[in-house]
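Student: Chains A and B are the protein sequences, given in the same order. For the record, in the first sequence the residue sitting at position 213 is 213 according to this note's numbering, with numbers rising by one throughout. Count along the second sequence starting at 1, add 333, and that's the number in this note's numbering. Cβ coordinates follow ideal geometry from the N, Cα and C atoms, glycine included. None of the values given here were measured: they were computed from a predicted structure.
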Amino acid sequence: MRRTVVVGLTVLALLAALPAGAQAPFSGKTVTILVGYTPGGGYDRMARIVARHLGRHLPGNPTVVVQNMPGANSIVAANHLYNVARADGFMIGLFNRNLILGQLVGVEGMRLDMRRFQWIGSPAEETDVFAIRADLPYRHVLDLRRADPPLAIGATGPGANTYDFPLVLKAFLKLNLRIISGYPGSADIMLAIERKEVDGRAGSWSSLKPFVQRGLIKPMVRTPSANPELRGIPVDQDLVTEAVAKGVLKLRAVPNKLGRPFVAGPAAPAELVRAYREALRKLTQDREFVAEAERAGVEVSFTSAEEIQKMFDEVFATPPGIVRVFKEFFRFE
Amino acid sequence: MVEALLDGLLRVLQPNALVYMLFGVFIGFWVGILPGLGGTVTLALMLPFVYGMEPVQAFAFLLGMHSVVATTGDLTSILFGIPGEGLSAALVLDGYAMTKKGEAGRALGANLMSSLVGALVGAAALAAAIPVVRPLVLSFGAPELFMLAVMGIAFIASLSGRGARGLARGAAAGALGLLVSSVGQDPQAGILRYTFGQLYLWGGIDIVPAVVGLFALPEILDLMVRRTSIAATAPTEKLTGVWEGVKDCFRHFGLTLRCSLIGAFIGIMPGLGGGVAQWMSYGHAVQSAKTAEERARFGKGDVRGVLGPGAANNSKEGGSLIPTVAFGVPGSSAMAVLLGGFFLTGLVPGPDMLTRHLSVTYSMVWTLVLANVVTVALCFPLLPYLARLTAIRATRLVPFLMLLVFLGAYTANNSWGDILVAVTFGILGYAMVRFGWPRAPLVLGLVLGDVAERYLWISVARYGWDWLGRPGVVVFLVLTLAVLLVPFFQEWRERRAGYVLGGAAHAD
Chain A
1 MRRTVVVGLT VLALLAALPA GAQAPFSGKT VTILVGYTPG GGYDRMARIV
51 ARHLGRHLPG NPTVVVQNMP GANSIVAANH LYNVARADGF MIGLFNRNLI
101 LGQLVGVEGM RLDMRRFQWI GSPAEETDVF AIRADLPYRH VLDLRRADPP
151 LAIGATGPGA NTYDFPLVLK AFLKLNLRII SGYPGSADIM LAIERKEVDG
201 RAGSWSSLKP FVQRGLIKPM VRTPSANPEL RGIPVDQDLV TEAVAKGVLK
251 LRAVPNKLGR PFVAGPAAPA ELVRAYREAL RKLTQDREFV AEAERAGVEV
301 SFTSAEEIQK MFDEVFATPP GIVRVFKEFF RFE
Chain B
334 MVEALLDGLL RVLQPNALVY MLFGVFIGFW VGILPGLGGT VTLALMLPFV
384 YGMEPVQAFA FLLGMHSVVA TTGDLTSILF GIPGEGLSAA LVLDGYAMTK
434 KGEAGRALGA NLMSSLVGAL VGAAALAAAI PVVRPLVLSF GAPELFMLAV
484 MGIAFIASLS GRGARGLARG AAAGALGLLV SSVGQDPQAG ILRYTFGQLY
534 LWGGIDIVPA VVGLFALPEI LDLMVRRTSI AATAPTEKLT GVWEGVKDCF
584 RHFGLTLRCS LIGAFIGIMP GLGGGVAQWM SYGHAVQSAK TAEERARFGK
634 GDVRGVLGPG AANNSKEGGS LIPTVAFGVP GSSAMAVLLG GFFLTGLVPG
684 PDMLTRHLSV TYSMVWTLVL ANVVTVALCF PLLPYLARLT AIRATRLVPF
734 LMLLVFLGAY TANNSWGDIL VAVTFGILGY AMVRFGWPRA PLVLGLVLGD
784 VAERYLWISV ARYGWDWLGR PGVVVFLVLT LAVLLVPFFQ EWRERRAGYV
834 LGGAAHAD
């Protein structure tokens, strides 16, 4: 008798559980995208565009919302997702793409291992471009070795491509540059170029492109990219021969392919992570999403989780000699 | 140009643009009043909705929302001494002091009217500046921006108490503000300063929780101890008096106008930030006092201390549109979000906006004007009711105020650190009030420290010593000296007059 009851209850429980199991894992749920920056920047804009479209591609069509957790170049947010947030998988992150290099050089305050995060992928990539005022007489990037007086290059500060890229160009391509750092933002440097306070700057192609089209600046050198618009511009790694120089330039360019990397916590259920990966892949083929992203000035290009994992393995396999030199040029702070 | 101006107006008055604007005003109204929802975050939330709108409609919606936040954010500063938007903190000094005297209605009326004047002047400045905006902005390099910050810091002399002791305390408070502004990663070399291993401190001390703590917490504490209503000591019939405030605005119209222009000018300069406009116009309002005795009334409920910052807070919005529109350089984080709106609607900020799309640019000017008129019209009937809130007993009000304070502080970084900063500055603020130290110079140092440091560094790195000889720098240097010396001159003149009259009117 008692046994029958137990069996009956078990069957009932199974029956009750069955529809729930068959139901889409996201139905009725809210997915939160945790962004490591304040509103008004590229990461936040990307997160909000993705939030608008991602739900459509997840089984159960959940609501997707954005939460900003700024601080320490998004280390605060990454620490939160890694250590504090609930491991149910309904929170995903969008953090600084340079965090991986931060871990490589041992930045203080990172309480996480980037390799143990479950990467979802990236819907965009960035290319670093170094550009100078269009009215300057230099034609090829290597002409800048003979620049006299040295070109004043506007930059925000260490840890940003506006600063790091000219720094390695100066060191390895021997360009005659003088870096003026401290500008509050990338747009302020652009203004300084207009008033001829500085002669050039580095930055992401997406942010420089409108000014190149306007004829204010001309691109001189760039990092590797599949973008056909950039075909005619020399690539930094091709202009050096020495192995260490090549290694450092290559390492510095790795995060560009990561673009805007989305990530799930280390303990998120595998089923959800699979769904996220699939949804992000479909998203980058979604015409509505692509149209909106391109209007916002984003280079849409899908990088899969496997590719990210492979990149990380390469980064951590960098010979210590190169890492040592790299540390001199890369300050995550 | 006149054609474009009219065309811009007609575009905004098209039914659907107008409806979007009113909808924006409605949202912005609540966002401004409720702390915990910043104007920038709301703009970011609303941005996706403009996808597919015509540019004029999109900006009517976004700017309508944004321009209202600046006005309604002032209300809590005056009513409860809690800056609703962080940047409206200068209003707390005299606005809340007036409320405590039972003049909440008058302060609100004065604020609303000066906000309207400010917005109109800001819009007019925007419209007038369009033909000359590029040379104007381009003539301001890093050295000039540095000197502008120095001039702002010099206002500390006016915001301090009287006599050598008062000045020393003001200078010390200002220096403390500058020191606090240096916490975090330094902007040039990325070195971590005073961060003590705390990630929270990498980004520096955020102005919002610091100011909320500094000004609001001591007042709430005071209210708890008194256990009465905010305006308990005042006769109740003076609670309203909104019209009196409106009249004040016109009684001191010259000051309101000048502060509006200061706000518009600072708004035009990218890279100075929103708080600067309000504090500099407050400094100017204090300085406009004719005698030292009159000056001492500021901070104790002088209506001019409400008019100045109220006007500047709104006029800077018109100004800060200029760099955003003409150069694609956002003057504030809200403008950075707005810049996203440009791209979504297919507009490219830059010289084209001043030629090919001039009527779209003018439609933005008109949106600012119309949205502010609508807001003021909506707010006026509410003011007497709002003013009566100050007659509520402390035991009922304090929990609500605490909520406002901590929500307001927490929105800075969504971090517990924000709460801690607010409490720390609350204790500091309480001590400063208790022992007669001025709080305004501290905030001025905090607001301007970062700007001054950045542009000094850039000036020296770029120009060596040569920057000191630039004409703009020399002009600002002279102005700075004037700002510094005015209080001394006043005191000297008064002392002379005092001897003649045979009376000593000095009391600390």
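Any beta carbon from chain B within less than 8 Å of A/R97's own beta carbon?
Tutor: For the purposes of this step, residue 97 of chain A is identified with residue 97 of the first sequence, where counting begins at 1. By this cut-off, A/R97 is not an interface position.
Student: Measure the alpha-carbon distance for B/V619 versus B/L424 and round it to whole angstroms.
Tutor: For the purposes of this step, residue 619 of chain B is taken as the residue at position 286 of the second sequence. For the purposes of this step, residue 424 of chain B is taken as the residue at position 91 of the second sequence. Rounded to whole angstroms, the gap between the alpha carbons of B/V619 and B/L424 is 13 Å.
Student: Pick out the complete beta strand (DSSP E) segments inside the region 258-292 of chain A, 3 residues or longer, and give them in chain order.
Tutor: 262-264
Student: Kindly say whether B/L396, judged by its beta-carbon, lies nearer than 8 Å to any beta-carbon of chain A.
Tutor: For the purposes of this step, residue 396 of chain B is taken as the residue at position 63 of the second sequence. So, not an interface residue.
Student: Touching or not, the region 177-187 of chain A and the region 789-800 of chain B, by the rule of three or more beta carbon pairs under 8 Å?
Tutor: yes
Student: CA-CA distance, B/L449 and B/A543?
Tutor: Counting from 1 along the second sequence, the entry for residue 449 of chain B is found at position 116. Counting from 1 along the second sequence, the entry for residue 543 of chain B is found at position 210. Their backbone Cα atoms lie some 28 Å apart in a straight line.
Student: Could you spell out where the alpha helix (DSSP H) holding B/V784 opens and where it closes?
Tutor: As a working note, residue 784 of chain B is residue 451 in the second sequence. First-last of the alpha helix (DSSP H) with B/V784: 773-796.
Student: Tell me which residues share the same chain as A/N256 and place their Cβ nearer than 7 Å to its Cβ, disregarding the 5 neighbours each side in the sequence.
Tutor: Translated into positions along the first sequence, residue 256 of chain A becomes position 256. Answer for A/N256: E125, E126, T127, D128, T223, listed in chain order.
Student: With H, G and I counted as helix, E and B as strand and the rest as coil, what does DSSP make of A/A131?
Tutor: Taking the first residue of the first sequence as 1, we reach residue 131 of chain A at position 131. Of the three classes helix, strand and coil, the one that applies to A/A131 here is strand, per DSSP.
Student: Name the DSSP beta bridge partners of B/Q518, please?
Tutor: Position 185 of the second sequence holds residue 518 of chain B. Its beta-bridge partners are B/L525.
Student: Alpha carbon to alpha carbon, what distance is there between A/L151 and B/V516?
Tutor: Locating residue 516 of chain B in the second sequence gives position 183, counting from the first residue. Locating residue 151 of chain A in the first sequence gives position 151, counting from the first residue. Roughly 31 Å between the two C-alpha positions.
Student: I'd like to know whether the C-beta atoms of A/I233 and A/R201 end up nearer to each other than 8 Å.
Tutor: Counting from one through the first sequence, the residue named residue 233 of chain A turns up at place 233. Counting from one through the first sequence, the residue named residue 201 of chain A turns up at place 201. In this structure, A/I233 keeps its C-beta atom at 8 Å or more from the C-beta atom of A/R201.
Student: Check the C-beta distance from B/A785 over to B/D539 and give it rounded, since I have them as a contact under 8 Å.
Tutor: Working through the second sequence from its first residue, we reach residue 785 of chain B at position 452. Working through the second sequence from its first residue, we reach residue 539 of chain B at position 206. That belief does not hold up - the Cβ atoms of B/A785 and B/D539 are roughly 18 Å apart, past 8 Å.
Student: Quick check on A/Q103: does DSSP put it in helix, strand or coil?
Tutor: Indexing the first sequence from 1 puts residue 103 of chain A at position 103. Three-state result, A/Q103: helix.
Student: Can you check the region 693-760 of chain B for any alpha helix (DSSP H) of at least 4 residues that lies completely inside it and give the ranges in chain order?
Tutor: 716-721, 727-743
Student: Near B/S707, what residues of its chain come up, given a Cβ to Cβ distance below 6 Å and the 5 sequence neighbours on each side ignored?
Tutor: In the second sequence, residue 707 of chain B corresponds to position 374, counting from 1. The sequence given here has Val at residue 707 of chain B, not Ser. For B/V707, where only same-chain residues beyond five positions count, the Cβ hits under 6 Å are V358.
Student: Between B/A610 and B/N646, which are expected to be in contact by the criterion C-beta below 8 Å, what is the C-beta distance as a whole number of angstroms?
Tutor: Mapped onto the second sequence, residue 610 of chain B falls at position 277. Mapped onto the second sequence, residue 646 of chain B falls at position 313. Correct: roughly 7 Å between the Cβ atoms.
Student: Under the rule that 16 or more other beta-carbon atoms within 10 Å means buried, what is B/A720, buried or exposed?
Tutor: As a first step, residue 720 of chain B is located in the second sequence; it is residue number 387 there, counting from the start. By the neighbour-count rule (16 or more Cβ atoms within 10 Å), B/A720 is buried.
Student: Using 8 Å as the Cβ pair cut-off and three pairs as the minimum, do the region 49-69 of chain A and the region 32-39 of chain A touch?
Tutor: yes
Student: Determine the burial state of A/Q213: buried for a count of at least 16 other Cβ atoms within 10 Å of its Cβ, exposed for fewer.
Tutor: Against the first sequence, residue 213 of chain A aligns to sequence position 213. A/Q213 is exposed by the Cβ-count criterion.
Student: Note down the Cα distance separating B/V558 from B/E824, rounded to an integer number of angstroms.
Tutor: Taking the second sequence and counting its residues from 1, one reaches residue 558 of chain B at position 225. Taking the second sequence and counting its residues from 1, one reaches residue 824 of chain B at position 491. Taking the straight line from one Cα to the other gives about 37 Å.
Student: Pairs of beta-carbons, one from the region 498-512 of chain B and one from the region 766-779 of chain B, closer than 8 Å: are there three or more?
Tutor: Contact between the region 498-512 of chain B and the region 766-779 of chain B is present, because at least three Cβ pairs lie under 8 Å.
Student: State buried or exposed for B/A350, treating a residue as buried only when at least 16 other CB atoms are found within 10 Å of its CB.
Tutor: To locate residue 350 of chain B, count along the second sequence from 1; it is residue 17. With 16 or more Cβ atoms within 10 Å of its Cβ, B/A350 is classed as buried.
Student: Going by DSSP, what residue range makes up the beta strand (DSSP E) through A/Q237?
Tutor: Against the first sequence, residue 237 of chain A aligns to sequence position 237. Note, A/Q237: premise wrong, no beta strand (DSSP E); not H, not E.
Student: Mind listing the chain B neighbours of A/A187? Cutoff is C-beta to C-beta under 7 Å, in chain order.
Tutor: For the purposes of this step, residue 187 of chain A is taken as the residue at position 187 of the first sequence. In chain order: G661, V662, P663.
Student: Which same chain residues end up closer than 7 Å to B/V352 when comparing Cβ atoms and leaving out the 5 residues on each side of it in sequence?
Tutor: Position 19 of the second sequence, counting from 1, holds the residue named residue 352 of chain B. Counting only Cβ-Cβ distances below 7 Å, and skipping sequence neighbours, we find nothing.
Student: Would you decide whether B/L814 is buried or exposed? Buried here means 16 or more other CB atoms lie within 10 Å of its CB.
Tutor: On the second sequence, position 481 is the one that residue 814 of chain B refers to. Label assigned to B/L814: exposed.
Student: Please state if the CB of B/M354 and the CB of B/T700 are separated by a distance shorter than 8 Å.
Tutor: Indexing the second sequence from 1 puts residue 700 of chain B at position 367. Indexing the second sequence from 1 puts residue 354 of chain B at position 21. A contact, by the Cβ cut-off of 8 Å.
Student: With a 10 Å radius around its C-beta and 16 neighbouring C-beta atoms as the bar for buried, classify A/S204 as buried or exposed.
Tutor: As a working note, residue 204 of chain A is residue 204 in the first sequence. Here A/S204 is buried: its Cβ has 16 or more other Cβ atoms, across all protein chains shown, within 10 Å.
Student: Is there a C-beta anywhere in chain B that falls below 8 Å from the one on A/E242?
Tutor: By one-based count along the first sequence, residue 242 of chain A stands at place 242. Among the residues facing chain B, A/E242 is not included, as its CB has no counterpart in that chain under 8 Å away.
Student: Roughly how many angstroms lie between the CA atoms of B/P714 and B/A724, to the nearest whole one?
Tutor: For the purposes of this step, residue 714 of chain B is identified with residue 381 of the second sequence, where counting begins at 1. For the purposes of this step, residue 724 of chain B is identified with residue 391 of the second sequence, where counting begins at 1. If you take the alpha carbons of B/P714 and B/A724, they lie about 18 Å apart.
Student: Where does A/M110 sit, in a helix, a strand or coil, going by DSSP?
Tutor: Your numbering for residue 110 of chain A matches position 110 in the first sequence. Note: A/M110 maps to coil in three-state DSSP.
Student: Run through the DSSP bridge pairs and tell me what A/L151 is partnered with.
Tutor: As a position in the first sequence, residue 151 of chain A is number 151, starting the count at 1. DSSP output for A/L151 lists A/L177 as bridge partner(s).
Student: Check the Cβ of A/D382 against every Cβ in chain B and list those closer than 7 Å, keeping chain order.
Tutor: No answer is possible for residue 382 of chain A: it lies beyond the span of chain A, which begins at 1 and ends at 333.
Student: Just to confirm the assignment, what range does the alpha helix (DSSP H) spanning B/N451 have?
Tutor: Here residue 451 of chain B refers to the residue found at position 118 when the second sequence is read from its first residue. Before going further, note that residue 451 of chain B is Gly rather than Asn in the sequence given. That run of the alpha helix (DSSP H) goes 437-462.
Student: I want to verify the contact list: residues of chain B whose CB lies under 8 Å from the CB of A/P266, in sequence order.
Tutor: Here residue 266 of chain A refers to the residue found at position 266 when the first sequence is read from its first residue. Here the premise fails: no neighbours, minimum Cβ distance about 19 Å.
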